[in-house]
Ligand code: IPE
Ligand code: IPE
Ligand code: MG
């Protein structure tokens, strides 16, 4: 995969001029396959979630060299409450453990962390830790890591519409002023650019309610690798492949 079409191992074509290819500025990842990874080893599903959590750091650290400024990872969906109580409780405890263990490294490595998703259903202790991590890293700008936790696209759009309608009712927003850009400002992702590339691991070719509005023109890459086996080399290969895609946005090739 590397070395094709003048692509280097670290990302994209570096040539200047109109033919120069841009790398993805924002990559979003559906980190799937933790359960199957654990099952293949005869271990409980939570063992896979722990292995998966460890992978996040490696991928975050690979971003600057690949020109990826924004990385958004899907950690827990609004549908994941349908899992067993044991798995859900284990995941919530893993998120708390992850935040307390990784905070210092994330801060020192210049990572700005944000969370998207509905916090109302999360326990107060976890929400306090999420708020604190966002605050501690708010001056960082090397990589912007967004963690989608209790996130579902339809839920996000519903909450956005509720807020928007509230502003219309309060008279601070005129119905005639509502357009695509207005709705975007009410989403959890309002400060983020749209994803250029969405990767899903584990061989499933579906989007499972992830960034539906924001990914209207994203490139998708579905890979068979299970998330705990997803290395920075595989990530770099996907970023390289993205660089030769022709994104036409409904137009024709220039
Ligand atoms: C993704 O791995 C992590 C979460 C959804 C929390 P899964 O737990 O979905 O793993 P598989 O798909 O069952 O293998
Ligand atoms: C999507 O994975 C959610 C996350 C990766 C957090 P799932 O494993 O929950 O998705 P489905 O159930 O296969 O669609
Ligand atoms: Mg899954």
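Numbering (our numbering), first residue to last: 64 to 317.
Every residue gets a Cβ at the ideal spot worked out from N, C-alpha and C, and that includes glycine.
Note that the structure is a prediction, hence the values are computed from the model and not measured.
Determine the DSSP secondary structure at residue 108, reduced to helix, strand or coil.
Three-state result, residue 108: helix.
According to the neighbour-count rule (16 or more other Cβ atoms, all chains shown, within 10 Å of its Cβ), is residue 224 buried or exposed?
exposed
When you compare only the Cα positions, how much space is there between residue 148 and residue 308?
42 Å
Considering only the alpha carbon of each residue, which of 163, 125 and 130 lies closest to residue 348?
For residue 348 there is no data in the structure shown, the boundaries of the chain being 64 and 317.
In whole angstroms, give me the CA-to-CA distance for residue 189 and residue 305.
Taking the straight line from one Cα to the other gives about 36 Å.
Closer than 7 Å: is that where the CB of residue 95 sits relative to any heavy atom of ligand 3?
yes
In three-state DSSP terms, what is residue 140?
strand
What does the Cβ neighbour count give for residue 178, buried or exposed, with the cut at 16 atoms within 10 Å?
buried
In the DSSP output, what is residue 293 paired with across the bridge?
Answer is none; residue 293 lacks a bridge partner.
Let me confirm a value: residue 144 is counted as buried when at least 16 other C-beta atoms fall within 10 Å, else exposed. Which label applies?
exposed
Quick one: which unbroken alpha helix (DSSP H) runs of 4-plus residues sit fully inside the region 136-217? Chain order, please.
148-171 and 187-199
Can you list, in chain order, the stretches of the beta strand (DSSP E) that have 3 or more residues and sit fully within the region 237-314?
260-263 and 282-285
For the beta strand (DSSP E) holding residue 91, just list the boundary residues, first then last.
Where residue 91 is concerned, the enclosing beta strand (DSSP E) stretches over 89-93.
When you compare only the Cα positions, how much space is there between residue 172 and residue 205?
8 Å
Hey, quick one: how far does the alpha helix (DSSP H) through residue 102 stretch, first residue to last?
97-102
Relative to the C-alpha of residue 255, which residue among 131, 297 and 160 is closest?
131
Say whether the region 118-127 touches the region 236-253, bearing in mind that this needs 3 or more beta-carbon pairs closer than 8 Å, one atom from each stretch.
no
Is the beta carbon of residue 141 sitting closer than 8 Å to the one on residue 187?
The answer is no: Cβ separation not under 8 Å.
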